[in-house]
Amino acid sequence: MLGHSFGGMVVYEIAQRLVGTGREVACLIMLDALTPKKLWPASFWIVNLWDRIRGHIVRMMSNPPKDTVAYYSRRLIRRRYGLHQIPDDLTFGRDAARMLMANEMLLNRWSPKFYPGRLTLFCATDTKDLSSLWRHRVGALDSHRATGNHIKLIEPPYVSSLAKDISLCLTKASGAAT
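For the sequence shown, our numbering begins at 717 and goes up steadily by one.
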């Protein structure tokens, strides 16, 4: 089973339910998938917060004051309407906005149970190492880096490298299953 981002959370839950009915999951692979924020360890919160603060400082220092005020005004308006989790540069329509809002709703309500099997986790190069979020929620964890950012890792040219890495994981899992 394989899922990217929101899909990672979906396949994790499906794997949980399959294991709960006595079935075996040969391979669970997630690409750049988070746990709910309420489950983040303090160390991950601190790193995340510091990265966000640093990003805001860089933004303010590298843009004219007029652009900075306009940017933060838009952010405040978006936050007021509950749209702050949707990226400003989102260009692929209302369906994407609904998906991101559903993702946020899931992250606020979902509490993943312990998964006794192996999780293979791929993190994009622009994402923090997410293994600390999953390490204590699975029986075994293999963590890998994938080239590209959160979206581009599943697009050319990056996807071919990711496909090779996933193929190796699947080969390894099929060898362990026999």
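Positions of the beta carbon are idealized from the N, C-alpha and C atoms, including for glycine. Just so it is clear, the structure is predicted and the values come from calculations on it, not from any experiment.
Three-state class that DSSP yields for residue i in the structure shown
i	result
His852	helix
Thr784	helix
Met717	coil
Arg739	coil
Asp858	strand
Ile867	coil
Tyr874	helix
Thr843	coil
Ser883	helix
Ser827	coil
Pair within 8 Å by beta-carbon distance, residue i and residue j
i	j	result
Asp845	His860	no
Tyr728	Pro828	yes
Ala862	Cys885	no
Leu857	Leu878	no
Leu869	Trp850	no
Thr841	Gly864	yes
Contact test: residue i Cβ vs the ligand MG heavy atom, cutoff 7 Å
i	result
Val735	This structure does not include the ligand MG; it has no bound ligands of any sort.
Extent of the continuous beta strand (DSSP E) to which residue i belongs
i	result
Tyr728	Per DSSP, Tyr728 belongs to no beta strand (DSSP E); it is in the alpha helix (DSSP H), 722-736.
Phe838	831-840
Cutoff 8 Å; reference residue i; Cβ partners in own chain excluding five residues on either side
i	result
Phe722	Ala749, Met815, Ala818, Asn819, Leu822
Arg926	Because the chain is modelled from 717 through 894, residue 926 falls outside the range shown and cannot be assessed.
Arg901	The structure shown has nothing for residue 901, since the chain only spans 717 to 894.
Sequence-distant residues of its chain with Cβ nearer than 6 Å to residue i (five each side left out)
i	result
Leu718	Ile745
Gly855	Pro832, Gly833
Other residues of its chain near residue i: CB distance less than 7 Å, five sequence neighbours each side excluded
i	result
Ala889	Ala742, Cys743
Trp826	Met725, Pro752
Pro757	Ser848
(request) Kindly provide the ranges of any beta strand (DSSP E) runs that are 3 or more residues long and lie completely inside the region 740-781, ordered along the chain. (result) 744-747
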